[in-house]
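The block underneath contains the structure these notes are about, expressed in structure tokens.
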Amino acid sequence: MAILNQCLDNNPECGECELHAVRMHQPDHTGCNWSAEVDFPQESVDNLGHQLAAAKSIIVVMREQYNVLQ
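Residue numbers for the sequence shown follow our numbering, beginning at 1 and rising by one.
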């Protein structure tokens, strides 16, 4: 998911967020067939809440627009 990784990298609100894993699965209740995990390896606890929210919002938008072709 190069597009997702690029979106996370280009958003300064995500801090040093790293795309850890993308997993394909059966479509869920939204119709999307993938999910993502991110890590924040060098961030302080003070910043994590805001950065996690920013990363989650990007992932949600991407899940609404894209499915992984199998």
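Positions of the beta carbon are idealized from the N, C-alpha and C atoms, including for glycine.
Per DSSP, the bridge partner or partners of residue i
i, result
"M24", "W34"
"D39", "E18"
Collapsed DSSP secondary structure at residue i in the structure displayed
i, result
"L19", "strand"
"N11", "coil"
"M69", "Here residue 69 is Leu; the residue named in the question, Met, does not match the sequence. Here L69 sits in coil by DSSP."
Beta-carbon gap between residue i and residue j smaller than 9 Å
i, j, result
"N11", "I59", "no"
"E37", "V61", "no"
"C14", "Q42", "no"
Extent of the continuous alpha helix (DSSP H) run through residue i
i, result
"N47", "45 to 65"
Beta-carbon separation (whole angstroms), residue i vs residue j, contact threshold 8 Å
i, j, result
"N33", "L19", "About 17 Å; that fails the 8 Å criterion."
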